[in-house]
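Here's the structure, in structure tokens; my notes come after.
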Amino acid sequence: MTRYIVRRVLIAIPTLLAISMVVFTILALAPGDPLSEFALNPAIPPEVRQNIRKNLGLDDPIPVRYAKWFRQVIKGDFGYSFRSRSPVLDLIKMRLPTTLAVIGVAYVISVLIAIPIGVLSAVKQYSVFDNIATTIAFIGFSLPTFFTGLLLIIVFSVKLGWLPFIYRSTIDTPGLLGVWEHIKQAIMPVTVLALFESAALMRYVRASMLETIHQDYVRTARAKGLPARAVINRHALRNALIPVVTIIALGVPAVFTGAVVTEQIFRVPGIGSLLITAIYDSDTPVVMAITFIFAVLVVIFNLIADIIYGILDPRIKYS
Amino acid sequence: MSEVTESRVQAAAAGGALAELGALTAKKPRSLWSNAWRQYRRHRLALAGTFVFLFFVVATIVGPFLWGKSATAIDVVNAMQPPSLEHPMGTDTLGHDVFARILWGGRVSISVGVVAMLVSITLGTLIGAVAGYFGRFIDSTLMRFTDLFLSLPTLPLLLLVTYLFRDRMTQTFGPLIGMFLLVVAIIGGLSWMPVARLVRAEFLSLKEKEFIEAAHCIGAGTTSIIFRHILPNALSPVIVAATLGVGSAIITESTLSFLGLGFSPDTPTWGRLLYDAQDYIQIAPYLVLFPGLVIFLSVLSINYIGDGLRDAIDPQHTL
Numbered sequence: 000m001t002r003y004i005v006r007r008v009l010i011a012i013p014t015l016l017a018i019s020m021v022v023f024t025i026l027a028l029a030p031g032d033p034l035s036e037f038a039l040n041p042a043i044p045p046e047v048r049q050n051i052r053k054n055l056g057l058d059d060p061i062p063v064r065y066a067k068w069f070r071q072v073i074k075g076d077f078g079y080s081f082r083s084r085s086p087v088l089d090l091i092k093m094r095l096p097t098t099l100a101v102i103g104v105a106y107v108i109s110v111l112i113a114i115p116i117g118v119l120s121a122v123k124q125y126s127v128f129d130n131i132a133t134t135i136a137f138i139g140f141s142l143p144t145f146f147t148g149l150l151l152i153i154v155f156s157v158k159l160g161w162l163p164f165i166y167r168s169t170i171d172t173p174g175l176l177g178v179w180e181h182i183k184q185a186i187m188p189v190t191v192l193a194l195f196e197s198a199a200l201m202r203y204v205r206a207s208m209l210e211t212i213h214q215d216y217v218r219t220a221r222a223k224g225l226p227a228r229a230v231i232n233r234h235a236l237r238n239a240l241i242p243v244v245t246i247i248a249l250g251v252p253a254v255f256t257g258a259v260v261t262e263q264i265f266r267v268p269g270i271g272s273l274l275i276t277a278i279y280d281s282d283t284p285v286v287m288a289i290t291f292i293f294a295v296l297v298v299i300f301n302l303i304a305d306i307i308y309g310i311l312d313p314r315i316k317y318s
Numbered sequence: 000m001s002e003v004t005e006s007r008v009q010a011a012a013a014g015g016a017l018a019e020l021g022a023l024t025a026k027k028p029r030s031l032w033s034n035a036w037r038q039y040r041r042h043r044l045a046l047a048g049t050f051v052f053l054f055f056v057v058a059t060i061v062g063p064f065l066w067g068k069s070a071t072a073i074d075v076v077n078a079m080q081p082p083s084l085e086h087p088m089g090t091d092t093l094g095h096d097v098f099a100r101i102l103w104g105g106r107v108s109i110s111v112g113v114v115a116m117l118v119s120i121t122l123g124t125l126i127g128a129v130a131g132y133f134g135r136f137i138d139s140t141l142m143r144f145t146d147l148f149l150s151l152p153t154l155p156l157l158l159l160v161t162y163l164f165r166d167r168m169t170q171t172f173g174p175l176i177g178m179f180l181l182v183v184a185i186i187g188g189l190s191w192m193p194v195a196r197l198v199r200a201e202f203l204s205l206k207e208k209e210f211i212e213a214a215h216c217i218g219a220g221t222t223s224i225i226f227r228h229i230l231p232n233a234l235s236p237v238i239v240a241a242t243l244g245v246g247s248a249i250i251t252e253s254t255l256s257f258l259g260l261g262f263s264p265d266t267p268t269w270g271r272l273l274y275d276a277q278d279y280i281q282i283a284p285y286l287v288l289f290p291g292l293v294i295f296l297s298v299l300s301i302n303y304i305g306d307g308l309r310d311a312i313d314p315q316h317t318l
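Chains A and B supply the protein sequences, listed in that same order.
Numbering-wise (numbering that gives the first Met the number 0), the first sequence opens with residue 0 and increments by one.
Numbering-wise (numbering that gives the first Met the number 0), the second sequence opens with residue 0 and increments by one.
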């Protein structure tokens with residue numbers, strides 16, 4: 000097992016290197032110049048602009064720039080934002096808590112909704128409950144998040160006026176009232192994400208549970224006279240959840256990237272909206288850092304999913 | 000299938016059992032595709048989805064000719080009109096007829112979906128087929144490559160590449176064609192991986208079958224074996240993946256446009272209409288409602304079509 004983990008980690012490193020190279024090359028090859036704003040500024044003569052380029056290292060060949068960037072990243076330094084002139088890491092640190100809070104709550108809620116509904120749906124296959132649940136799930140993951148978000152805004156902000164539709168991180172109302180305001184503004188973004196994620200997850204839970212229910216050992220458990228509840232909870236559910244746990248782990252990076260859209264709808268000041276503004280501003284260091292962080296998330300959670308699967312399912316052999 | 004029936008007809012005639020002969024000739028032989036169709040028809044929601052989607056396709060092709068109003072004519076006097084008989088979906092800030100824009104934009108949205116799917120299926124099938132057929136070094140290289148693409152953070156990359164390359168593309172090919180090519184290429188280029196894995200798995204098992212050995216024996220060439228003998232047998236899961244791919248490509252394009260990184264304002268794709276409408280959500284919610292609804296309905300119907308096809312032609316899913 001340990002050897003397996005070590006080997007998987009060793010494979011993950013070249014993957015990350017390759018991804019960062021791909022993104023770096025795309026950014027470097029792209030037309031458009033981060034200094035284009037200076038080009039329009041008559042106060043900056045061309046020689047000065049040339050000097051700035053040289054100081055920023057923009058004239059070096061791509062591999063040299065990549066090597067420089069990489070050496071810094073190893074030390075945990077993502078450079079400075081072209082736009083706000085502050086360290087990229089500080090910008091990300093400032094935005095990350097909001098994103099983590101919204102996404103984390105949404106993902107936990109979606110898991111808590113998806114598992115019981117999926118299990119019940121599978122146990123009572125073709126029942127009215129199952130039909131309703133699968134139909135809602137089907138609709139749920141066919142609904143693009145940007146449309147659900149706008150719909151919620153129309154209903155709860157515009158028509159009913161219950162919830163604010165712009166997320167503010169600057170709420171400073173003291174006491175319980177402030178907490179309530181924080182919760183109120185998070186309700187819609189969390190709902191949008193949770194609805195989409197739980198719909199997809201519920202289908203997995205149901206499929207996995209259906210597969211386990213028909214296994215021989217479940218029939219054996221029934222045959223030896225165990226009560227239905229014990230058969231489902233102790234024999235079927237525990238095994239059905241093995242692939243589900245993997246899916247949950249694999250889904251984390253996707254929730255992060257999916258949050259880019261949700262953050263944009265509700266103007267949540269998280270890293271998703273930071274990415275969008277950075278792309279618009281040609282702020283290469285910020286874009287590179289966030290994309291790289293997303294890539295790291297994908298690789299790490301793939302790794303976690305593999306390891307969890309190995310721990311939960313002792314039938315898997317590592318050779 | 001028909002050969003079998005014929006030989007049985009002869010056998011029956013030779014045996015003199017004329018009654019059996021009558022019964023056999025009365026039944027039309029069933030082909031693989033008619034079997035699939037019989038199965039497909041039973042999935043009522045899939046059938047409904049087919050009608051809805053075909054309706055959308057026909058409406059967007061024929062609609063702009065039948066619906067007399069222009070999608071681009073500016074009529075500021077009649078701006079921001081709520082839905083009425085004159086304008087069934089209202090008018091936007093510049094007095095454009097939203098219904099005409101939805102019909103027109105649907106052409107772009109649906110063709111982006113279809114063409115992007117074709118790109119991703121072609122890439123995926125080629126890579127999967129080559130990897131699965133040749134095996135060994137080629138296989139492991141291509142699969143490493145596929146794994147790398149699977150770990151790329153898709154949404155950030157999509158946003159990044161469209162933003163970076165859209166000016167150059169629109170300069171070279173014009174605003175509509177240039178953007179279309181770019182969007183289709185990136186969506187296709189970042190979504191072929193699951194198809195490649197599917198096709199590879201099919202090829203790995205099919206190439207060991209006796210009929211492929213027979214094809215080798217009659218001297219069929221490599222290309223002929225790959226495309227004439229193996230590929231048609233590996234097609235079922237690919238068709239299902241292709242159908243679902245259209246839906247997700249439509250969502251991806253809408254997401255890009257919704258974030259303001261897709262088509263230009265004079266190309267009213269469904270996502271772009273939503274992007275333009277979100278700022279007026281308080282005064283004109285219908286501007287959000289209609290484009291969102293058509294995106295949702297087309298994706299939902301495509302997903303149901305895919306579901307029905309899976310039941311009908313994917314042998315692993317036959318109950």
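Just so you know, even glycine gets a beta-carbon here, dropped at the ideal spot from N, CA and C.
Checklist line | C-beta contact flag for residue 278 of chain A and residue 162 of chain B at 7 Å | finding: It is a contact, given that the beta carbons lie within the stated cut-off.
Check: At which residue ranges does the stretch 272 to 311 of chain B contain complete alpha helix (DSSP H) runs of 4 or more residues, listed in the order of the chain?
Finding: Segments of the alpha helix (DSSP H) lying fully in the stretch 272 to 311 of chain B: there are none.
Margin query: Quick check: what's the CA-CA separation for residue 108 of chain B versus residue 200 of chain A?
Written below: Per the coordinates, the alpha-carbon of residue 108 of chain B lies some 28 Å from the alpha-carbon of residue 200 of chain A.
Next item on the list: Could you tell me whether the Cβ atoms of residue 311 of chain A and residue 246 of chain A are closer together than 7 Å?
Entry: With contacts defined as CB atoms closer than 7 Å, residue 311 of chain A and residue 246 of chain A fail to qualify as a contacting pair.
Next item on the list: Could you check the C-alpha separation between residue 131 of chain A and residue 215 of chain A for me, to the nearest Å?
Entry: If I take the Cα positions, the gap works out to 29 Å.
Next item on the list: Locate the alpha helix (DSSP H) running through residue 232 of chain A, then write down its first and last residues.
Entry: Element bounds for residue 232 of chain A: n/a, residue is neither H nor E.
Item checked: CB contact check: residue 60 of chain A to chain B, cutoff 7 Å -> Not one beta carbon of chain B lies nearer than 7 Å to the beta carbon of residue 60 of chain A.
Notebook entry, point to check: Quick one: which chain B residues come within Cβ less than 9 Å of residue 350 of chain A?
Noted result: Since the first residue of chain A shown is 0 and the last is 318, residue 350 of chain A is not available in this structure.
Checklist line | When A:129, A:54, A:285 are compared against residue 72 of chain A, the one with the closest alpha-carbon | finding: Nearest option by C-alpha distance: A:285.
Check: Closer than 9 Å, Cβ to any Cβ of chain B: which residues of the stretch 179 to 207 of chain A, in chain order?
Finding: Within the stretch 179 to 207 of chain A, no residue qualifies.
Margin query: At the level of alpha carbons, what is the spacing between residue 76 of chain A and residue 99 of chain A?
Written below: A direct Cα-Cα distance of roughly 21 Å separates residue 76 of chain A from residue 99 of chain A.
Check: Quick one, which of A:225, A:288, A:153 has its alpha-carbon nearest residue 278 of chain B's?
Finding: Ranking A:225, A:288, A:153 by Cα distance to residue 278 of chain B puts A:153 first.
Next item on the list: Report the rounded CA-to-CA distance for residue 307 of chain B versus residue 49 of chain B, giving the unit in angstroms.
Entry: Here the C-alpha atom of residue 307 of chain B lies approximately 10 Å from the C-alpha atom of residue 49 of chain B.
Margin query: Which same chain residues end up closer than 7 Å to residue 110 of chain A when comparing Cβ atoms and leaving out the 5 residues on each side of it in sequence?
Written below: Annotation for residue 110 of chain A: 200, 247 place their beta carbon closer than 7 Å to its own, counting only its chain and skipping 5 residues before and after.
Item checked: Which of helix, strand or coil DSSP assigns to residue 345 of chain B -> The structure shown does not extend to residue 345 of chain B, since chain B is modelled only from 0 through 318, so no value can be given for it.
Next item on the list: Can you tell me which of B:169, B:95, B:232, B:209 puts its alpha carbon nearest to the alpha carbon of residue 197 of chain B?
Entry: Looking from the CA of residue 197 of chain B, the closest CA among B:169, B:95, B:232, B:209 belongs to B:232.
Checklist line | residue 125 of chain A, DSSP secondary structure in three states | finding: Taken through DSSP and simplified to helix, strand or coil, residue 125 of chain A comes out as coil.
Note to self: For a contact defined as C-beta to C-beta under 9 Å, what are the partners of residue 77 of chain B on chain A?
What the structure shows: Within chain A, not a single residue places a beta-carbon under 9 Å from that of residue 77 of chain B; the smallest gap is close to 23 Å.
Notebook entry, point to check: At which residues does the alpha helix (DSSP H) containing residue 242 of chain B begin and terminate?
Noted result: Note, residue 242 of chain B: alpha helix (DSSP H), 234 to 257.
Next item on the list: For residue 222 of chain B, return the contacting residues in chain A, with the cut-off set at a CB-CB distance below 8 Å.
Entry: Residues of chain A with a Cβ closer than 8 Å to the Cβ of residue 222 of chain B do not exist, since the nearest Cβ in that chain sits about 31 Å away.
Checklist line | Proximity winner among B:115, B:310, B:230, B:80, relative to residue 132 of chain B (alpha-carbon distances) | finding: The candidate whose alpha carbon is nearest that of residue 132 of chain B is B:230.
Notebook entry, point to check: Where residue 158 of chain A and residue 228 of chain A are concerned, what is the direct C-alpha to C-alpha distance, given to the nearest angstrom?
Noted result: The C-alpha of residue 228 of chain A is placed about 45 Å away from the C-alpha of residue 158 of chain A.
Next item on the list: Run through the stretch 117 to 167 of chain A for me and flag every whole beta strand (DSSP E) of 3 or more residues, listed as ranges in chain order.
Entry: Those beta strand (DSSP E) runs which fall completely within the stretch 117 to 167 of chain A and span 3+ residues do not exist here.
Next item on the list: Just the chain B side, please: which residues come within less than 7 Å of residue 141 of chain A by C-beta, in chain order?
Entry: Residues of chain B with a Cβ closer than 7 Å to the Cβ of residue 141 of chain A are, in chain order, 295, 298, 299, 302.
Next item on the list: Grab the span of the alpha helix (DSSP H) containing residue 280 of chain A for me, first residue to last.
Entry: Premise fails: residue 280 of chain A is in no alpha helix (DSSP H) and is neither H nor E.
Check: Is the number of C-beta pairs between the stretch 295 to 310 of chain A and the stretch 229 to 239 of chain A that are closer than 8 Å three or more?
Finding: Too few Cβ pairs lie closer than 8 Å, so no.
Notebook entry, point to check: Listed from N- to C-terminal order along the chain, which residues in the stretch 282 to 295 of chain A have their beta-carbon within a distance smaller than 7 Å of any beta-carbon of chain B?
Noted result: Cβ contacts with chain B come from 286, 289, 290, 293, 294.
Note to self: Within 8 Å, do at least three Cβ pairs link the stretch 255 to 263 of chain A to the stretch 182 to 192 of chain A?
What the structure shows: Proximity of the stretch 182 to 192 of chain A to the stretch 255 to 263 of chain A meets the contact definition, three or more beta-carbon pairs being nearer than 8 Å.
Check: What is the residue span of the alpha helix (DSSP H) that residue 192 of chain B lies within?
Finding: Residue 192 of chain B -> alpha helix (DSSP H) spans 192 to 205.
Item checked: Neighbour flag for residue 150 of chain B against chain A, beta carbons, 7 Å -> Output row for residue 150 of chain B: interface = yes.
Check: For residue 327 of chain A, which residues in chain B fall below 9 Å Cβ to Cβ?
Finding: Chain A is shown only over 0 to 318; residue 327 of chain A falls outside these bounds and no answer can be derived.
Notebook entry, point to check: Exposed or buried, residue 49 of chain A, counting other C-beta atoms within 10 Å across all chains shown (16 or more means buried)?
Noted result: Its Cβ having fewer than 16 others within 10 Å, residue 49 of chain A is exposed.
Notebook entry, point to check: Excluding the five sequence neighbours on either side, which residues of its own chain have a C-beta within less than 7 Å of the C-beta of residue 322 of chain B, listed in chain order?
Noted result: Because chain B here runs from 0 to 318, residue 322 of chain B falls outside it and cannot be looked at.
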